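Enquirer: The sequence shown maps to residues -20 to -1, 1 to 399 in mature numbering (1 follows the signal peptide of the UniProt record, and there is no 0).
Take a look at the following structure, please.
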Amino acid sequence: MKKLLIAAFATVLMSGAALADTTLKLVEVITSPERTETLKSIVAKFEAANPGTKVEVISLPWGEAFQKFATMVSAGEIPDVMEMPDTWLSLYANNGLLESLEPYLAKWEHTSGITDRALELGRDVNNTAYMLPYGFYLRAMFYNKKLFKEAGVTEPPKTMDEFVAASEKVSKLPGKYGYCLRGGPGGLNGWIMFGATMAGSNKFFNEDGTSTMNGEGWVKGLTWVVDLYKKGLAPKDSVNWGFNEIVAGFYTGTCAMLDQDPDALIAIAERMKPEDYGVTTMPKGPSGKTFPTIGYAGWSMMAASQNKDLSWKLIETLEGPEGNVEWNKRTGALPVHKSAEKDPFYASEQFKGWFAELEDKDAVPTVMPTYLEEFAFFKDSMVIKTSQQALLGDITPEEMANQWADYLTKAQQKYLAKK
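Here it is, written out as structure tokens:
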């Protein structure tokens, strides 16, 4: 009898231990090998500080992440914490799938150390923190000094006309091209920047909610990008290029110019000597201004999580000063903690181009209308399909602009009607 009681007691203890173990699911969507490795390193620290808790990291390939995550959610495979791009925030927050982080931020010791801009952007939907941004992505222009010298380009282009002239010179070199065009996933930023720069304004809508994107200036900018491709100033297969392909196109010396965020530095700095490339302000248009896009991403908690307090602890680890700086040093985003400005890493030469761009009064950072619930589909599906059609000559830039304007007008007017 005594042995039976001991065995039963042991069984209870073992089942209790099993019940005590908790697994959190964390989805990464802006995925690369370096990012995943860094994420797992930070997660390991969380697991060490929270015995009995394991984190399953699910990494979705960025080019397919929008569709794959939507499929996961519709199938009920909802994680506890997810990496949230700015362009998805409205879609998931407005559909009740995200947990408000306000109660946690109110008690968190590091909330006051987060920049005001980061907190503002995290509250983009209903003035509620459905996401805590981890960093900013500001576009600037990388240029290959060796290719420029070989092609006879004496300095980085300051205007769009100079950009074309430099591209033409480089493209005369065998197997070389002026521009690393992002014609595939994530390509919207380039179209927006060059469209707005040619238009001289980054205003997306008129007062009545109609889109400006089929206006004369915007159409000129979109046509300018299409013409770059059709003239052979970008690689032929760049019609399908995403992030990894354009970055590789730059560091292999295939093309001389690349518009990208600081995250591109990760791969470029590993493969190119510092003296062989530079980073400068995006080229300016007829108005004397340029409109580089500024985006952000962060961490969100799913409303369906059964372990919300633990999920917040995970976000705390990722977003705390130590985790945030470690993450951004590897991902290339500009960090959200005020204290990070004193870090020698961000005072280095490689970040000089972005800070110079931020200080340039004629370089106007452009935030896309991510508050629109329909914007995620627009960016990650509609734009890819229609821009590839335009690059290949199946539709005209005007037809593409009209499709974009029609879609965005309906979305904006729906948004205005709800206010």
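The C-beta atom is built at its ideal place from N, Cα and C for all residues, glycine as well.
Only a predicted model underlies this, so the values are computations on that prediction, with no experimental measurement involved.
I'd like the span of the beta strand (DSSP E) that includes Ala277, first residue to last.
Expert: Residue 277 sits at position 297 when you count from the first residue of the sequence shown. Taken as a continuous stretch (DSSP letters only), the beta strand (DSSP E) holding Ala277 covers Ile274 to Met281.
Enquirer: Go ahead and pull the three-state DSSP assignment for Asp374.
Expert: Taking the first residue of the sequence shown as 1, we reach residue 374 at position 394. Coil.
Enquirer: Have a look at Gln47, Met380 and Leu371 and flag the residue whose alpha-carbon is nearest the alpha-carbon of Leu213.
Expert: Translated into positions along the sequence shown, residue 213 becomes position 233. The shortest C-alpha to C-alpha distance from Leu213 to any of Gln47, Met380 and Leu371 is the one to Leu371.
Enquirer: Is the segment 81 to 101 touching the segment 50 to 57, taking contact as three or more C-beta pairs under 8 Å?
Expert: no
Enquirer: In the DSSP output, which residue or residues are listed as bridge partners for Asp239?
Expert: Locating residue 239 in the sequence shown gives position 259, where the first residue counts as 1. Beta-bridge pairing links Asp239 to Met121.
Enquirer: Going residue by residue through the segment 123 to 175, where are the continuous beta strand (DSSP E) segments of at least 3 residues, counting only ones entirely within it?
Expert: Counting whole runs of 3 or more residues, the segment 123 to 175 contains the beta strand (DSSP E) stretches 157 to 159.
Enquirer: If we ignore side chains and look at the alpha-carbon of each, how far apart do Thr389 and Ala228 end up?
Expert: Locating residue 389 in the sequence shown gives position 409, where the first residue counts as 1. Locating residue 228 in the sequence shown gives position 248, where the first residue counts as 1. Whole-angstrom Cα-Cα distance: 36 Å.
Enquirer: Determine, for Gln240, whether the minimum Cβ-Cβ distance to residues of chain C falls below 8 Å.
Expert: No chain C is part of this structure, which consists of one protein chain only.
Enquirer: Does the Cβ of Ala381 have 16 or more other Cβ atoms within 10 Å, making it buried, or fewer, making it exposed?
Expert: For the purposes of this step, residue 381 is taken as residue 401 along the sequence shown, with counting starting at 1. It counts as buried.
Enquirer: Please go through the same chain and pick out, in chain order, the residues whose beta-carbon is closer than 7 Å to the beta-carbon of Phe325, but skip the five residues on each side of it.
Expert: Here residue 325 is taken as the residue at index 345 of the sequence shown, counted from 1. Closer than 7 Å at Cβ, skipping near neighbours: Lys309.
Enquirer: Would a C-beta distance cut-off of 8 Å place Val61 and Trp279 closer than the cut-off?
Expert: For this step, residue 61 is matched to residue 81 along the sequence shown. For this step, residue 279 is matched to residue 299 along the sequence shown. Cβ atoms of Val61 and Trp279: closer than 8 Å.
Enquirer: Specify the secondary structure class of Ala343 as computed by DSSP and reduced to three states.
Expert: Along the sequence shown, read from residue 1 onward, the residue named residue 343 stands at position 363. Looking at Ala343 - three-state DSSP - the assignment turns out to be strand.
Enquirer: Buried or exposed, going by whether 16 or more other CB atoms sit within 10 Å of the CB of Arg97?
Expert: Reading the sequence shown from its first residue, position 117 is the one you call residue 97. When all chains shown are included, Arg97 counts as exposed.
Enquirer: By Cβ distance, which residues of its chain are closer than 8 Å to Gly268, with the 5 residues on each side in sequence left out?
Expert: Against the sequence shown, residue 268 aligns to sequence position 288. Result list for Gly268: Asp342, in chain order.
Enquirer: Using the DSSP secondary-structure output, state which residues sit across from Lys34 in a beta bridge.
Expert: Along the sequence shown, read from residue 1 onward, the residue named residue 34 stands at position 54. Bridge partners of Lys34: Thr3.
Enquirer: By the 10 Å Cβ neighbour count, where 16 or more other Cβ atoms means buried, how is Ala320 classified, buried or exposed?
Expert: Sequence index remark: in the sequence shown, residue 320 carries index 340 (1-based). With 16 or more other Cβ atoms within 10 Å, it is buried.
Enquirer: At the level of alpha carbons, what is the spacing between Tyr72 and Leu78?
Expert: If you number the sequence shown from 1, residue 72 lands on position 92. If you number the sequence shown from 1, residue 78 lands on position 98. Going by C-alpha positions, Tyr72 is about 6 Å away from Leu78.
Enquirer: I need the straight-line Cα distance from Glu27 to Lys34, nearest angstrom please.
Expert: Within the sequence shown, numbered from 1, the residue matching residue 27 stands at position 47. Within the sequence shown, numbered from 1, the residue matching residue 34 stands at position 54. For Glu27 and Lys34, the distance between alpha carbons rounds to 6 Å.
Enquirer: Just verifying my parser: in three-state terms, what is the DSSP assignment at Met362?
Expert: Here residue 362 corresponds to residue number 382 of the sequence shown, with the count starting at 1. Helix at Met362.
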